[in-house]
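The listed protein sequences derive, respectively, from chains A and B.
First residue of the first sequence? That's 26 in this note's numbering, and the numbers climb one at a time after it.
First residue of the second sequence? That's 26 in this note's numbering, and the numbers climb one at a time after it.
Heads up, the beta-carbon is just placed ideally off N, CA and C, and yes, glycines get one too.
Here's the structure we're looking at; comments come further down.
There are 2 protein chains.
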Amino acid sequence: MRQGLLRVPLTSLAPGLVPLSPEVARYVSRVHRLREGERFLAFDPERALEAEALLVGSGKGPSAARIDVVRAASLVPRRAVTLIQCVGKGDKLDAVIRDATELGATRVVAALSARCVARPQGDRGGRWRRVAVEAARQCGRGDAPRIEGPLPLTEVLEALDGEAAVCLDPRAERSLGTWLGGMLGDAGGRRGIALLVGPEGGLSEEEMDACSSAGFVRVRLGRFTLRTETVCAAALGALLALDDDAQERADAVG
Amino acid sequence: MRQGLLRVPLTSLAPGLVPLSPEVARYVSRVHRLREGERFLAFDPERALEAEALLVGSGKGPSAARIDVVRAASLVPRRAVTLIQCVGKGDKLDAVIRDATELGATRVVAALSARCVARPQGDRGGRWRRVAVEAARQCGRGDAPRIEGPLPLTEVLEALDGEAAVCLDPRAERSLGTWLGGMLGDAGGRRGIALLVGPEGGLSEEEMDACSSAGFVRVRLGRFTLRTETVCAAALGALLALDDDAQERADAVG
Numbered sequence: 026m027r028q029g030l031l032r033v034p035l036t037s038l039a040p041g042l043v044p045l046s047p048e049v050a051r052y053v054s055r056v057h058r059l060r061e062g063e064r065f066l067a068f069d070p071e072r073a074l075e076a077e078a079l080l081v082g083s084g085k086g087p088s089a090a091r092i093d094v095v096r097a098a099s100l101v102p103r104r105a106v107t108l109i110q111c112v113g114k115g116d117k118l119d120a121v122i123r124d125a126t127e128l129g130a131t132r133v134v135a136a137l138s139a140r141c142v143a144r145p146q147g148d149r150g151g152r153w154r155r156v157a158v159e160a161a162r163q164c165g166r167g168d169a170p171r172i173e174g175p176l177p178l179t180e181v182l183e184a185l186d187g188e189a190a191v192c193l194d195p196r197a198e199r200s201l202g203t204w205l206g207g208m209l210g211d212a213g214g215r216r217g218i219a220l221l222v223g224p225e226g227g228l229s230e231e232e233m234d235a236c237s238s239a240g241f242v243r244v245r246l247g248r249f250t251l252r253t254e255t256v257c258a259a260a261l262g263a264l265l266a267l268d269d270d271a272q273e274r275a276d277a278v279g
Numbered sequence: 026m027r028q029g030l031l032r033v034p035l036t037s038l039a040p041g042l043v044p045l046s047p048e049v050a051r052y053v054s055r056v057h058r059l060r061e062g063e064r065f066l067a068f069d070p071e072r073a074l075e076a077e078a079l080l081v082g083s084g085k086g087p088s089a090a091r092i093d094v095v096r097a098a099s100l101v102p103r104r105a106v107t108l109i110q111c112v113g114k115g116d117k118l119d120a121v122i123r124d125a126t127e128l129g130a131t132r133v134v135a136a137l138s139a140r141c142v143a144r145p146q147g148d149r150g151g152r153w154r155r156v157a158v159e160a161a162r163q164c165g166r167g168d169a170p171r172i173e174g175p176l177p178l179t180e181v182l183e184a185l186d187g188e189a190a191v192c193l194d195p196r197a198e199r200s201l202g203t204w205l206g207g208m209l210g211d212a213g214g215r216r217g218i219a220l221l222v223g224p225e226g227g228l229s230e231e232e233m234d235a236c237s238s239a240g241f242v243r244v245r246l247g248r249f250t251l252r253t254e255t256v257c258a259a260a261l262g263a264l265l266a267l268d269d270d271a272q273e274r275a276d277a278v279g
């Protein structure tokens, strides 16, 4: 967002004078050089709310904000999309969460599968949530995806909630494009979608069978074997584009 | 590629006994622990050729390969796709070239625009070509995209070669999906496509006007402002998926 006000995430957004945490005060005044009396856009990524805000302080720098009318966030995803990402090496999930946020995923579930190399330790959930909120801030999105996990893949498969579900598999005969084309063109136009992406070594045959039993359709994207961290952006880009194309076709017919 | 032979890039692939460079010999024996008498798949990414090969040596480790019948590479992209990427910070172009290779771009042009932060120094072209060949090796692709630049954006715009061209712009009204849907559904089914992606700060208004004059259509992908390094994977994923979907529709009609 080059144009417009600086966006600042604030939880529990409500009208009136609210104190700023030292982190937020430092962020607006040091990182972005906003001064008392200047305006910014406060957004509450958990509740998808936003409000204009005025920076106020005590002479020693900004310490509070006067929040204007709180309204529904203007830019949020149009479809519920769950990305189930098997955890890879190092901080790859950070990069995947950034991509997923910019490209409209509404839920990201970190899953542990047989060939996962990394076993996340400590409060990775908190870190991943912060990454998602920062990505939402940067891309102009008024909410942030819900982050869950890490959870065993078998548990994740059992917790599907009526979404149309696919599993990316370079050996699949069917393509993501033809699957999406059929799905989005049908009456199930607003149905939620779940995309499952395996870890670096792929899913095991047993896991693939469990996915099929849970209703996941195996699809490929392109002809080559994608790295696990490339799949999210490519598949969500495909979904956005086919959604727009299907909408255009529906409008032309209607 | 979990299954199958180790893929090793070799230039000037021809049948018979060929010496291996010290780098290639080290790569197959040290990194991948292949021994004399073992087979691998040699591929020539510049000419899209491949051949089975047998590792031979002198007792002090592998030093040559006996190349079998040379054939056309089995997996290559089906459409000519040029990615014009304005150069961003640090080594972001490395990551973009990896994504572009996996997702089937046949040509990547590094462009210098007004708001480019980085001005690449030295032989970046050589480095970028090595990144593309390694990505091709990993993803099972039999060729590698041609890498050009860095070149001034104005020069790149003048050198279009009949491709249908789009420029990604978060403020565009038209979506990449509807543009691709129309374009791929038309008779121009096998036409080349050029995608232009601006740098972090976006293209200037003058550059946007120059793009329009050169025939680039402005399109958005999704509703949010993507980072420059996310666009390539998302847009190429969209192209692959819509290509497959259009092919399915054409087959259903024909």
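Three-way DSSP call (helix, strand, coil) for residue i in this model
i: Cys192(B); result: strand
i: Gly88(B); result: The sequence given here has Ser at residue 88(B), not Gly. Three-state DSSP puts Ser88(B) in a strand.
i: Gln110(A); result: strand
i: Met26(A); result: With a pLDDT of only 35 at Met26(A), under 50, the local geometry of the prediction cannot be trusted, and no value is derived from it.
i: Gly174(A); result: strand
i: Asp119(B); result: helix
i: Ala271(B); result: helix
i: Glu61(B); result: coil
i: Val222(B); result: strand
i: Gly41(A); result: strand
i: Leu15(B); result: Because chain B is modelled from 26 through 279, residue 15(B) falls outside the range shown and cannot be assessed.
i: Asp124(A); result: helix
i: Leu264(A); result: helix
i: Arg152(B); result: helix
i: Arg104(A); result: coil
i: Asp276(A); result: helix
i: Ala169(B); result: coil
Presumed contact (8 Å Cβ cut-off) between residue i and residue j, rounded CB distance
i: Leu193(B); j: Leu220(B); result: 7 Å
i: Cys236(A); j: Ala125(A); result: Actually they do not touch by this definition, with Cβ atoms about 20 Å apart.
i: Glu71(A); j: Phe249(B); result: Not a contact, Cβ separation roughly 18 Å.
i: Val101(B); j: Ala73(B); result: 5 Å
i: Ala50(B); j: Phe65(B); result: Between Phe65(B) and Ala50(B) the Cβ distance is about 12 Å, and since that is not below 8 Å, they are no contact.
i: Gly227(A); j: Arg140(A); result: 7 Å
i: Val222(B); j: Thr179(B); result: Rounded, the Cβ-Cβ distance is 16 Å, inconsistent with contact.
i: Val244(A); j: Ala275(A); result: That pair is no contact at about 23 Å.
Candidates the options, of which the one nearest residue i by Cα
i: Leu31(A); options: Leu45(A), Leu59(A) and Pro195(A); result: Leu59(A)
i: Gly174(A); options: His57(A), Arg162(A) and Arg154(A); result: Arg154(A)
i: Pro40(A); options: Arg215(A), Asp69(A) and Pro170(A); result: Asp69(A)
i: Ala42(B); options: Gly84(B), Asp93(B) and Val56(B); result: A small fix is needed here, since residue 42(B) is Leu in this sequence, not Ala. For the residues Gly84(B), Asp93(B) and Val56(B), the minimum Cα distance to Leu42(B) belongs to Asp93(B).
i: Gly151(A); options: Ala135(A), Arg166(A) and Val53(A); result: Ala135(A)
i: Ser99(B); options: Phe241(B), Arg166(B), Ala259(B) and Ala266(B); result: Arg166(B)
i: Arg104(A); options: Asp168(A), Glu232(A) and Asp276(A); result: Asp168(A)
i: Arg55(B); options: Leu246(B), Ala67(B) and Gly86(B); result: Gly86(B)
i: Gly202(A); options: Ser238(B), Gln272(B), Ser138(B) and Asp186(B); result: Gln272(B)
i: Arg171(B); options: Val106(B), Ser88(B), Val191(B) and Gly214(B); result: Val106(B)
i: Val191(A); options: Val33(A), Val81(A), Ala67(A) and Gly240(A); result: Gly240(A)
i: Val156(A); options: Leu251(A), Gly29(A), Asp119(A) and Glu63(A); result: Asp119(A)
i: Val242(B); options: Ser200(B), Gly210(B), Ser229(B) and Lys117(B); result: Ser200(B)
i: Val112(B); options: Val142(B), Gly84(B) and Ala184(B); result: Val142(B)
i: Val158(B); options: Gln146(B), Ala184(B), Ser138(B) and Arg123(B); result: Arg123(B)
i: Lys117(A); options: Ser37(A), Pro224(A) and Gly84(A); result: Pro224(A)
i: Gly29(B); options: Thr255(B), Arg149(B), Ala67(B) and Ile109(B); result: Ala67(B)
i: Ser229(A); options: Leu45(A), Ser83(A) and Leu137(A); result: Leu137(A)
i: Leu264(B); options: His57(B), Val95(B), Val181(B) and Leu108(B); result: Leu108(B)
i: Val133(A); options: Glu61(A), Gln110(A) and Gly247(A); result: Gln110(A)
Residue i - partner residues in DSSP beta bridges
i: Gly82(B); result: Pro87(B)
i: Arg243(B); result: Cys192(B)
i: Ala136(B); result: Cys111(B) and Leu176(B)
i: Ser200(B); result: Arg245(B)
i: Arg32(B); result: Leu66(B)
i: Arg96(A); result: Glu75(A)
Beta-carbon proximity check, residue i vs residue j, cutoff 9 Å
i: Asp268(A); j: Leu205(B); result: no
i: Gly262(A); j: Ala160(B); result: no
i: Leu35(B); j: Ala97(B); result: no
i: Met208(B); j: Ile218(B); result: yes
i: Ala266(A); j: Ala277(B); result: no
i: Arg215(A); j: Glu188(A); result: no
i: Cys164(B); j: Leu251(A); result: yes
i: Glu63(B); j: Leu38(B); result: no
i: Val53(A); j: Val33(A); result: yes
i: Leu45(A); j: Ser88(A); result: yes
Any non-hydrogen atom of the ligand GTP closer than 8 Å to residue i Cβ
i: Leu38(B); result: For the ligand GTP, the structure offers nothing, since it holds no ligand at all.
Test: residue i CB closer than 9 Å to a CB of chain D
i: Leu128(B); result: Given the protein chain composition of this structure (A and B), no chain D is represented.
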